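Participant: Note that the numbering used here numbers the sequence shown so that position 144 is 156, with each residue one more than the last. I am attaching a structure below and will ask some questions about it afterwards.
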Amino acid sequence: METLFINHFLSYTWDHKTILDCLQFSSKTSVDWRSFCCEVLGAWFMNQQAISRPGIEVDIDETLIAHRKYEHGRILKQIWLFCCIERASKRRFVAALTGEVGEQCNRATLLPLIEKNILKGSIIYSDSDSWGAYSKLKKLDYTHCQINHSQNFVDMDNAAIHTQNIERLWRDIKDHVKRPGIRSS
């Protein structure tokens, strides 16, 4: 039964009520299992291993998870996520930049994360609208290729220069975070 719960907890379309109805758990049991799953995911999040090797292609990007559209709605805590995805293996590293301990989405925060989690000599792909945060990557012994998203999502001269993998990850994360426990069919 626990395996079914974990499967449905991680499922993209099952909300709390559906899990209760289908698995016939009490609300307390369901909440306890949700808390346990969140703790396990949190432990994984905090103990991720470095990715990449020299010559391996890696996509990097950052995104704002919680924000108000058109300045309407309740004020949400802003959480920036930074992610690196190894293209071949799809291994990834994700870091939350909460802003609580001076963490911001800027060069001073991002470059140490990159150096810690992506080995020198890797080929890094990013968008060019990153406030210049990645402008020093070439000096740090990375090959850095950029795509300007205001013009194209894939480089017209070299189709390998894109950030489609990471943009898809952001879409999936934002869809899942948008309404936790509330899914429409």
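A virtual CB, placed ideally from N, CA and C, is assigned to each residue, including glycine. Given the structure is predicted, the values throughout are model-derived calculations rather than measurements.
(1) When the Cα of Ala-172 is compared with those of Ile-159, Leu-181, Gln-163, Arg-183, which residue comes out closest?
(2) Compare the Cα-Cα distances from Thr-155 to each of Leu-125, Asp-73, Gly-67 and report the closest residue.
(3) Can you list, in chain order, the residues of its chain with a C-beta nearer than 6 angstroms to that of Ile-72? Leave out the 5 residues immediately preceding and following it.
(4) By DSSP, does Thr-30 sit in helix, in strand, or in coil?
(5) CB-CB under 8 angstroms to Ser-147, same chain, minus the five flanking residues each way: which ones, in chain order?
(6) Please report the distance separating the alpha-carbon of Lys-186 from that of Gly-133.
(7) What separation, rounded to the nearest whole angstrom, lies between the Cα atoms of Phe-94 and Ser-39?
Facilitator: Short version:
(1) Here residue 172 refers to the residue found at position 160 of the sequence shown. Measuring from the Cα of Ala-172, the nearest candidate turns out to be Ile-159.
(2) What you label residue 155 is simply residue 143 of the sequence shown in a count that begins at 1. Comparing Cα positions, the closest option is Gly-67.
(3) Position 60 of the sequence shown, counted from the first residue, corresponds to residue 72. Closer than 6 angstroms at the Cβ level, and outside the excluded window around Ile-72, lie Cys-96, Ile-136, Ser-138.
(4) By one-based count along the sequence shown, residue 30 stands at place 18. Of the three classes helix, strand and coil, the one that applies to Thr-30 here is helix, per DSSP.
(5) What you label residue 147 is simply residue 135 of the sequence shown in a count that begins at 1. These residues qualify, in order along the chain: Arg-119.
(6) Within the sequence shown, the letter at position 174 stands for residue 186. Within the sequence shown, the letter at position 121 stands for residue 133. The alpha-carbon atoms of Lys-186 and Gly-133 are separated by roughly 31 angstroms.
(7) Counting from one through the sequence shown, the residue named residue 94 turns up at place 82. Counting from one through the sequence shown, the residue named residue 39 turns up at place 27. Spanning the two alpha carbons is a distance of roughly 34 angstroms.
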